[in-house]
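Trainee: After the structure tokens below, expect a handful of questions from me.
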Amino acid sequence: MSRSQPLCDGSHRGTKFKPLKFRIEQQVDTIHLCECKLSTTAPFCDATTCQKINSNSLSLEDLTLEIQEQTESKVL
Numbered sequence: 065m066s067r068s069q070p071l072c073d074g075s076h077r078g079t080k081f082k083p084l085k086f087r088i089e090q091q092v093d094t095i096h097l098c099e100c101k102l103s104t105t106a107p108f109c110d111a112t113t114c115q116k117i118n119s120n121s122l123s124l125e126d127l128t129l130e131i132q133e134q135t136e137s138k139v140l
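Every letter in the sequence shown is one number past the one before it in the numbering used here, and letter 67, counting from 1, is 131.
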């Protein structure tokens, strides 16, 4: 969403997306941040989302719905 990903530029306003602050507390060589906003391990990329979209096993809309349902069930 943000044109300056992974940094927030405010373009999420009016959408269901919210900024997510995080801190890396250990020295690491590489991290993979999610840019599709559908990772189940946000802010990090879980790779499965991109694989599902690229393999055409799910449409982006279906995958978004699936992840929203999973998230809502964790909150309840």
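A virtual CB, placed ideally from N, CA and C, is assigned to each residue, including glycine.
#1: For Ile88, collect the residues of the same chain with a Cβ closer than 8 Å to its Cβ; drop the 5 residues on either side in sequence, then sort them by chain order.
#2: When you compare only the Cα positions, how much space is there between Glu125 and Thr105?
#3: How long is the line joining the alpha carbons of Ser75 and Gln69, rounded to whole angstroms?
#4: So, is Thr79 buried or exposed, given that buried needs 16 or more other C-beta atoms within 10 angstroms?
#5: What is the DSSP secondary structure of Leu97, counted as helix, strand or coil?
Mentor: Straight from the coordinates:
#1: As a working note, residue 88 is residue 24 in the sequence shown. Hits under 8 Å: Ile95.
#2: Here residue 125 refers to the residue found at position 61 of the sequence shown. Here residue 105 refers to the residue found at position 41 of the sequence shown. Distance between the alpha carbons of Glu125 and Thr105 is about 19 Å.
#3: For the purposes of this step, residue 75 is identified with residue 11 of the sequence shown, where counting begins at 1. For the purposes of this step, residue 69 is identified with residue 5 of the sequence shown, where counting begins at 1. Approximately 11 Å, taken between the alpha carbons.
#4: The sequence position of residue 79 within the sequence shown is 15, counting from 1. Label assigned to Thr79: exposed.
#5: Working through the sequence shown from its first residue, we reach residue 97 at position 33. Leu97: strand per DSSP, three-state reduction.
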